[in-house]
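Residue numbers (our numbering): 188 to 1159. The beta-carbon is built from N, C-alpha and C at its ideal position, and this holds for glycine as well.
Shown next as structure tokens:
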């Protein structure tokens, strides 16, 4: 960023009772500062506080100021501008003493501090955020106070920024304390006015302005007429009848399942087949596959069942084109029924999918409007090509969940939710402890409360116990609290199908924040993504019976997500506007996409014409025209902020400001169409006779011929499908290796020994780690809590650590066996404040939003990084188990170190970036050494006396393993 300079003439700061303000250079002049208007504070407060918490909060991860690691909020810091003053200690608010001229605009509060003087002709400044608590932040201008005219110019400049949705922050952001402004449209923090100009030029901001224009247009659309609703009823029912399966189609599919079951049970007598998926819910198209699941006894395994089914179907004359896909997340066997020509997908033990299907099928039977709504929604998604999961779209059953969620969330719900505060002990923060269990008597869905194991959810103090009730005592004994909820409302709500269709599109276009919340049909409250640690981007849809599964996770491209949003807007605009049978209005309203320039840009163009410049020709490149408009806009900003009192430039610029009589759209800087065009369009719509009102589902109307970006489901890159993916491991042909010679064996032995000897910490280095731990424990006991106990775990103690491995430290408190009675978030934050006083540490960073809250730090003398967590006791047991394995045979350590070096060199050893952790690679090595013949090491969890393994419960898990190495030798 360029070096910010003051745009105004610098005045000598006046002294106040709150502090002193001085300058390091002689001041040119002194002037009194006008007093602040009384209504300035509440007016600006209302302006800032009127925005949503999401806009003033962390916002989207796409920021101008960027983070060093997208996985951890707050770690990245904005880059400071060159020449920015670092000291901001003596900021003292100074009350203005006079009224403001030219319209009496309320002046802002001023803060002053030491700084150098700049001239009036310098360029636009950075404005430092004030830190006054409970009142409007003060303007901090490098150089001192402003005259009333200068302050008016600055105020008008900020008003102009507000038209581009760039607002001054009421309080500085904790992540970006030196950044004064926030672009609410892009969720980007901006440092100063100069940075705001730069941001306004960005294509992303221009694109968001265009989308905001379209959003405002959609919000202003009138309510549908009765004739319009009748036309919508007709088209939705027509789509459902044309593309949905009939009773006869359903019977055909059931017959296919019966024929297949007859073939399979001849050899697998204990197995049975069940229809599931869209065919059972009746949300299927006529061309949809038939989903079949095989139930098998516990004496069989899924791979054995599917391999046998594959063999049976290949030998059957009733089924053709039999293939398998055992590498899929849900292994399946494909085949085609010869009699009907239907494609079948056979899975085994897919119980969760069957539960979800039974639930959706029950809803479809009880609510007759659900099936046509889902079918219309699916048909729209199919025309827009966003329902293809293999190409980066979303699975079809997620669309069903979206429709149900809308029917639950509308102002007058059509369907009920199943969990809420009427259940004793229910808490939204603990909603994942409440599980749906399946259908009960076709009218109810069962649920049960399964409390999380001790220690889970402790990140924000969720695990603090309330006084024990009879309910909790039962839960401790293993008797979960159970209940059931109705699937329909007691009194149905009468709403037409057409109105529901229009509301459905409006809900996902304008009302529901897709990137902020999770679509969950279990409860009424909007579920924030932080509760599941799901990223705040793209779609998040919860499977009601698999709570950890985001069923829209295949949508992993931001471009595809933005394409879906655009299709929602287009569809809503089409169905919300009256359309005639000839489709003229549809073409007029949907294909007229060329934006018009705003009135501000038009006035700038007129100014250029008056000054002798030629206006931009309509045939010139659009980007070039935008650049000229932006240069003119910036020039006018400079004029507004000019500080030369002897010129009339500012007054001329002020006179060119849009008047209060202008339309709100112009004041907001939106690129709206002229009123004449709007009136003409409204006349065309009003002239459509009720009997001519007509809608169609048409690909060109919904997409404009624009297909979505194709995204590979394997490598997550766009431009190709998984069948053409160069990283598909199934296409890699592995050539047979030559026999291993003795010389080659010696080379590998030497390499493994080298990895160990070069990277393993020496005894002295291990002792240094213990000394650092002891020093930290003494400091924390003295400065924070005298009952604190620290313990090393992880690579520092498990026998597989590198010399530069992080210090993983677990802190516990005497008298507390678990963290149940502790607020871990407060403890971590308090510990971070104390550690900042430690002279031997630096870069202290508390991370309380992680699943396991930690305090990160760096030890100055050794350069080692470390983190402190609370009651990570299970990890300590895992550390001791790995150390035991390492002590059994030296080859365990040699191979472990070699594997870690391999993973690091190949850049596949960072779990935060989607690969595996070093702990996972060590487990892979141990598993190999246990499974090879003959095994190198035993399975320590399987060595015990008697028939039952001893119980050593830690955080709900049995952490027992055999740890007596001396006796282990005698047992082998």
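Residue range of the unbroken beta strand (DSSP E) whose run includes residue i
| i | result |
| --- | --- |
| residue 510 | 506-512 |
| residue 1163 | Beyond the ends of the chain as shown, which are 188 and 1159, falls residue 1163; an answer cannot be given. |
| residue 636 | 631-636 |
| residue 522 | 519-524 |
| residue 1044 | 1041-1046 |
| residue 478 | 477-482 |
Helix, strand or coil at residue i [DSSP, three-state]
| i | result |
| --- | --- |
| residue 626 | strand |
| residue 360 | coil |
| residue 724 | coil |
| residue 573 | coil |
| residue 1025 | coil |
| residue 240 | Confidence is the limiting factor: at residue 240 the pLDDT is only 35, short of 50, which leaves the residue's position unreliable and the question unanswerable from this model. |
| residue 376 | strand |
| residue 1035 | coil |
| residue 191 | Because the pLDDT of residue 191 is 37, which lies under 50, any placement of that residue in the model is unreliable, and the number read from its coordinates should be weighed accordingly. If DSSP states are grouped into helix, strand and coil, residue 191 belongs with coil. |
| residue 431 | strand |
| residue 1143 | coil |
| residue 369 | strand |
| residue 459 | strand |
| residue 267 | Any reading at residue 267 needs caution, since the residue's pLDDT is 38, under 50, leaving its predicted position unreliable; the model's value is listed next. Here residue 267 sits in coil by DSSP. |
| residue 982 | helix |
| residue 1148 | coil |
| residue 1074 | helix |
| residue 669 | strand |
| residue 645 | Reliability of the predicted coordinates at residue 645 is poor, the pLDDT of 38 falling under 50, and the value obtained from them is presented with this limitation in mind. Helix at residue 645. |
| residue 764 | coil |
| residue 910 | helix |
| residue 342 | helix |
| residue 581 | coil |
| residue 566 | helix |
| residue 382 | helix |
| residue 617 | helix |
| residue 715 | strand |
| residue 815 | The predicted model places residue 815 with a pLDDT of 48, which falls under 50 and marks its position as unreliable, so this point remains unresolved. |
Whole-Å CB distance - residue i paired with residue j, under 8 Å assumed
| i | j | result |
| --- | --- | --- |
| residue 1044 | residue 1018 | Not confirmed; about 10 Å, so no contact. |
| residue 1057 | residue 1040 | 7 Å |
| residue 547 | residue 587 | 6 Å |
| residue 1165 | residue 543 | Any question about residue 1165 goes unanswered here, given that the chain covers just 188 to 1159. |
| residue 430 | residue 566 | 5 Å |
| residue 525 | residue 505 | 6 Å |
| residue 1086 | residue 1108 | 5 Å |
| residue 1080 | residue 986 | 6 Å |
| residue 684 | residue 556 | 6 Å |
| residue 905 | residue 1099 | Rounded, the Cβ-Cβ distance is 23 Å, inconsistent with contact. |
| residue 535 | residue 605 | Contact doesn't hold; Cβ gap of about 29 Å is too wide. |
| residue 723 | residue 716 | 5 Å |
Same chain, Cβ closer than 7 Å to residue i, neighbours up to 5 away in sequence not counted
| i | result |
| --- | --- |
| residue 607 | 613, 710 and 711 |
| residue 452 | 458 |
| residue 291 | No answer about residue 291 holds up, because its pLDDT of 35 lies below 50 and its placement is not dependable. |
| residue 401 | 756 |
Limits of the unbroken alpha helix (DSSP H) element including residue i
| i | result |
| --- | --- |
| residue 403 | 390-406 |
| residue 491 | 489-501 |
| residue 951 | 950-970 |
| residue 680 | Taken as a continuous stretch (DSSP letters only), residue 680 belongs to no alpha helix (DSSP H), as it is neither H nor E. |
| residue 693 | 684-693 |
Beta-carbon contacts of residue i that lie in its chain and below 6 Å, excluding the five residues immediately before and after
| i | result |
| --- | --- |
| residue 470 | 561 and 587 |
| residue 530 | 476 and 523 |
| residue 592 | 706 and 708 |
| residue 545 | 626 |
| residue 967 | 975 |
| residue 729 | 705 and 707 |
Chain D contact for residue i (CB, 8 Å cutoff)
| i | result |
| --- | --- |
| residue 524 | Here chain D cannot be found, since the structure has a single protein chain. |
Cβ-based neighbour list, residue i, same chain, cut-off 8 Å, excluding 5 preceding and 5 following
| i | result |
| --- | --- |
| residue 721 | 705, 727 and 737 |
| residue 1002 | 974 |
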